[in-house]
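Reviewing the structure listed below.
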Amino acid sequence: MSWILAGLIVWALGLWANVRLSKRKGRAAALAVPVIFGLVLVFVWEAVVRGFGISPVLLPAPSVIAARFGQSSGVLWQDFVQTVLKGALTGYVLGCGAALLTAIVVDRFDFLRRGLLPVGNFVAALPIIGIAPILVMWFGFDWQSKAAVVVVMVFFPVLVNAVQGLADTSAMQRDLMRTYAASYWTSLWKLRLPAALPFIFNGLKIASTLALIGAIVAEFFGSPITGMGFRISTSVGLLQLDLVWAEIVVAALAGSAFYGGVALIERAATFWHPSQRGR
1 MSWILAGLIV
11 WALGLWANVR
21 LSKRKGRAAA
31 LAVPVIFGLV
41 LVFVWEAVVR
51 GFGISPVLLP
61 APSVIAARFG
71 QSSGVLWQDF
81 VQTVLKGALT
91 GYVLGCGAAL
101 LTAIVVDRFD
111 FLRRGLLPVG
121 NFVAALPIIG
131 IAPILVMWFG
141 FDWQSKAAVV
151 VVMVFFPVLV
161 NAVQGLADTS
171 AMQRDLMRTY
181 AASYWTSLWK
191 LRLPAALPFI
201 FNGLKIASTL
211 ALIGAIVAEF
221 FGSPITGMGF
231 RISTSVGLLQ
241 LDLVWAEIVV
251 AALAGSAFYG
261 GVALIERAAT
271 FWHPSQRGR
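Numbering (the UniProt record's numbering), first residue to last: 1 to 279.
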């Protein structure tokens, strides 16, 4: 009962601190609220597991996960390199780059907009569990097949957002560029591409989460002896749930850093946009 009581006390103190901090302005207070909330949540998790004697097979305590994290840091790093750096990041760069180039071509030729985008919506609706086994058979069991899955997952969300962004200019703005005798490429570079940046970055942020999910799930359908998806599937079979949760922590940290990096680039590139004011 001491653990349960400690958990209730820490929860009450954290709630009181966050209520007080939420009334203050400033970046320090804004950062402190989620940090306190996260620390309180981890402590309450620890208290509930230890207080109620929950089996580690069902839910390991954060301290057990942290211990496994330290013991298996080498394995976790190898899995991170295999899944995130090789599979997810490579597929993300290739897929997003191809989508942006295709968006320019689609914007230049209207018949492609009418023909390709409906097909893109159809492909984007396909479940990953149906695409991944096929691409694994085509590209092999190493990271190349995971990168191919990521390319398929990120291509069409970025394409749709980019095409929509390139069309997000008023008739008056386009007419003004014509009065300056601007060519299509000058108008694209000076007007339409800057106007499309908020839409493009929205697609890139969506794709950053899809990339990691796609790379991990694809490893369930065939992988060498390294990789986060491979480790999760095999560790569940061995009832090593602490290692599974350690892999989940790595995935969460990698995904948050990935998304945050894209958001920082967006803030620097679109500082002029109303959505970035006051941040």
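Idealized CB from N, CA, C, for every residue including glycine.
Keep in mind that this is a model prediction, so the values were computed, not measured.
Report the three-state DSSP secondary structure of LEU159 (helix, strand or coil).
DSSP places LEU159 in helix when its eight states are reduced to three.
Could you say which of GLY53, PHE52, ALA67, LEU159 lies nearest to ILE104 if we only look at CA atoms?
With distances taken between Cα atoms, ILE104 lies closest to LEU159.
Taking only runs of the alpha helix (DSSP H) that begin and end inside the segment 179-215, which ones reach a length of at least 4 residues, in chain order?
Here the runs fully enclosed are 184-187.
When the Cα atoms are used, what is the spatial distance from ARG113 to VAL163?
Approximately 8 angstroms between the Cα atoms of the pair.
Under a three-way DSSP split, which group does GLY87 fall into?
Correct three-state label for GLY87: helix.
Kindly indicate which three-state DSSP category MET228 falls into: helix, strand or coil?
MET228 falls in the helix class under three-state DSSP.
Identify which residue in TRP11, TRP45, PHE220, ILE54 has its Cα closest to the Cα of ILE36.
Nearest option by C-alpha distance: TRP11.
Would you identify the three-state DSSP class for ASP168, choosing helix, strand or coil?
The answer is coil: DSSP assigns ASP168 none of H, G, I, E or B.
Leaving out five residues on either side along the sequence, give the residues of the same chain with a beta carbon under 7 angstroms from the beta carbon of ALA254.
Cβ within range, chain order: PHE80, VAL84, LEU212.
Check whether the segment 207-221 touches the segment 82-99, taking contact to mean three or more Cβ pairs, one atom from each stretch, closer than 8 angstroms.
Cβ pair count under 8 angstroms is three or more, so yes.
PRO224: buried (16+ other C-beta within 10 angstroms of its C-beta) or exposed?
It counts as exposed.
So for VAL244, helix, strand or coil by DSSP?
Helix.
Checking 8 angstroms against the spacing of the C-beta atoms, do PRO62 and LEU241 come in under that value?
Taking 8 angstroms as the Cβ cut-off, PRO62 and LEU241 do not qualify as a contacting pair.
Determine the direct distance from the alpha carbon of VAL57 to that of GLY222, and round the result to whole angstroms.
Whole-angstrom Cα-Cα distance: 25 angstroms.
Give me the Cβ distance between TRP143 and GLN78, rounded to the nearest whole Å; I'm assuming they're in contact under 8 angstroms.
Actually they do not touch by this definition, with Cβ atoms about 12 angstroms apart.
Over the uninterrupted alpha helix (DSSP H) stretch that includes PHE122, give me the two end residues.
Start and end: 110-124.
Applying the 10 Å Cβ sphere with the 16-neighbour rule, what's the burial state of MET153?
With 16 or more Cβ atoms within 10 Å of its Cβ, MET153 is classed as buried.
Can you give the Cα-Cα distance for ILE248 and SER233, rounded to whole angstroms?
Looking at the two C-alpha atoms, the distance is approximately 12 angstroms.
For SER2, tell me which candidate among VAL44, SER22, LEU39, ALA30 has the shortest Cα-Cα distance.
Checking every option, the nearest Cα to that of SER2 belongs to VAL44.
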